[in-house]
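Below is one structure, written out as structure tokens; comments come after it.
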Amino acid sequence: MQKKTRLHPDFKLNGQSFSEEALLTFARLEQASDKDYRVSVGDFLVDWLSETDSVKVFTSGSTGKPKQIILQKEHMRNSAMATGRFFNLQSGESALLCLSAAFIAGKMMLVRAMVLGLELVIVPPSNNPLKDLKENFDFVAMVPLQVTSSLALLNQVKTLIIGGAPVSKELREELVVLNTNSFETYGMTETITHIAAKNLKESNFFRVLPEVTIDKDQRGCLVVKAPRVSFEVIQTNDMVELKGSQMFKWLGRWDNVINSGGIKLIPEVIEEKLKPHIQNRFFLFGVKDERLGQKLCLLIEQESVVSKNIIEGIKQHSNLTKFETPKSIYTLAKFVETDTGKVKRQATIDKLFL
């Protein structure tokens with residue numbers, strides 16, 4: 001059994017300092033709130049301040065059904081310390097929690113504040129969390145949907161980390177001209193949020209956090225060794241390009257690879273080429289085909305589309321090879337997505353063919 005977690009002496013929550021006993025009282029009051037986001041904060045703080053060595057969390061479910069996993073509190077503390085070193089966070093600096101503490105990203109903002117001694121402000125999760133705030137923040141975590149809605153107010157943020165879904169090329173172009181230091185993060189619940197981050201002003205490559213090492217398996221998928229946050233070596237299905245021992249570029253998901261006529265196509269790589277030519281959300285997927293094995297198909301989020309015109313436009317104005325050109329186009333009025341706005345590809349495909 002672990003001893004109760006010690007709070008950093010500079011830790012504040014909504015402007016107030018706490019002893020552990022006072023924080024536990026605060027947490028129990030939050031559990032009785034009629035606001036879901038406050039209840040999730042209270043539930044996590046009660047778990048964190050308990051005598052147990054671990055907490056139970058749920059994965060996001062972006063690649064399947066959400067599952068419950070157990071994380072060690074010591075690993076969560078180590079993750080917070082690694083984040084502090086990577087982003088040079090100092091005790092007494094300000095942070096904003098605008099994500100739900102029901103999920104790991106929100107929980108870890110609380111842990112970072114308690115471990116690093118940050119002054120954390122909690123607001124209800126919303127598309128535009130900075131809208132009614134006058135103060136500036138040294139460190140904020142958001143999902144892309146929140147960032148897109150907050151662009152006009154990001155001068156209030158010194159360092160912004162973005163997770164939950166990939167940062168689009170269009171959003172990145174909006175961010176690089178701002179004074180805010182913006183980073184796209186890479187990670188998952190099993191790695192206790194991010195184990196790598198990409199400075200959007202400087203690189204297309206993610207750089208790993210302290211004490212994390214990476215490699216590729218025979219498929220070209222990322223293998224992560226992060227002993228300070230996970231007992232296990234983490235085998236991912238993320239196809240990557242390595243640059244030295246500390247950096248990698250994300251290419252796409254192995255699960256999404258399409259074998260068309262013996263050619264392996266990575267949808268995410270082709271999608272980057274298509275983005276300038278398609279306004280609505282879209283993605284590529286494979287459909288069984290007697291001649292090719294699988295044929296490459298395009299699914300666009302809209303009511304209807306003239307397929308012939310789009311395919312001709314793609315052929316004329318994109319740099320796709322003949323193998324990368326979609327053979328069929330489908331439409332769907334609304335994609336299936338996670339709470340963070342990330343498209344659930346397989347669930348969306350299942351919905352299309354219902």
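By UniProt numbering, the letter at position 172 of the sequence shown is numbered 172, and the numbering carries on one by one without gaps. Glycine included, every Cβ here is placed at the ideal spot set by N, Cα and C.
Under the 10 Å beta carbon count, Arg6 is surrounded by fewer than 16 other beta carbons and is classified as exposed.
The continuous alpha helix (DSSP H) containing Asn78 extends over residues 73-86. In its chain, beyond the 5 residues on either side, Thr159 have a beta carbon closer than 6 Å to the beta carbon of Asn181. Tyr186 and Leu265 have their C-alpha atoms roughly 23 Å apart.
Taking the Cα of Lys322 as reference, the smallest distance to any Cα among Lys342, Gly92, Thr331, Ile270 is reached at Ile270. By the C-beta density criterion, Ser33 is exposed, having fewer than 16 other C-beta atoms within 10 angstroms.
Contact check for Glu30 against Gly42 passes: the beta carbons are separated by less than 8 Å. Counting C-beta pairs closer than 8 Å gives fewer than three between the segment 242-249 and the segment 93-107, which falls short of the contact rule. In the three-state scheme derived from DSSP, where H, G and I count as helix and E and B as strand, Asn155 is classed as helix.
Runs of the alpha helix (DSSP H) lying entirely within the segment 164-218, each at least 4 residues long, are 169-175 in chain order.
When the alpha-carbon of Arg345 is set against those of Glu268, Leu292, Lys315, the nearest one is in Glu268. DSSP places Lys275 within a helical segment (H, G or I) once states are collapsed to three.
In this structure, the alpha-carbon of Val176 lies about 33 Å from that of Arg38.
Contact check between the segment 255-263 and the segment 280-298: three or more CB pairs, one atom from each, fall below 8 Å, which counts as touching. The residue among Ser203, Phe231, Asp238, Ser19 with its C-alpha nearest the C-alpha of Gln218 is Asp238. Note on geometry: alpha-carbon atoms of Thr191 and Asn309 lie some 44 Å from one another. Using a 10 angstroms sphere on the CB of Ile70, the tally of other CB atoms stays under 16, which defines it as exposed. Nearest Cα to Thr193 within the set Ala141, Lys351, Glu301, Thr331: Ala141.
In the same chain as Asn128, and ignoring 5 residues on each side of it, the C-beta atoms closer than 6 Å to its own belong to Ser149, Ser150, in chain order. Secondary structure of Gly252 (DSSP, three-state): strand. DSSP places Phe11 outside both helix and strand once states are collapsed to three, so it counts as coil. By the neighbour-count criterion, in which 16 or more other beta carbons inside 10 Å mark a residue as buried, Arg28 falls on the exposed side.
Per DSSP, Val39 lies in no beta strand (DSSP E); the unbroken alpha helix (DSSP H) holding it starts and ends at 36-48.
Secondary structure note for Ser328: its beta strand (DSSP E) is the uninterrupted segment 328-332. DSSP places Thr25 outside any beta strand (DSSP E); the residue lies instead in the alpha helix (DSSP H), whose first and last residues are 20-31. Taking the C-beta atoms as reference points, Val111 is found no nearer than 8 Å to His8.
Counting every other CB atom within 10 Å of its CB across the protein chains shown gives Thr189 a total of 16 or more, marking it as buried. Here Glu232 is exposed, its C-beta having fewer than 16 other C-beta atoms within 10 Å.
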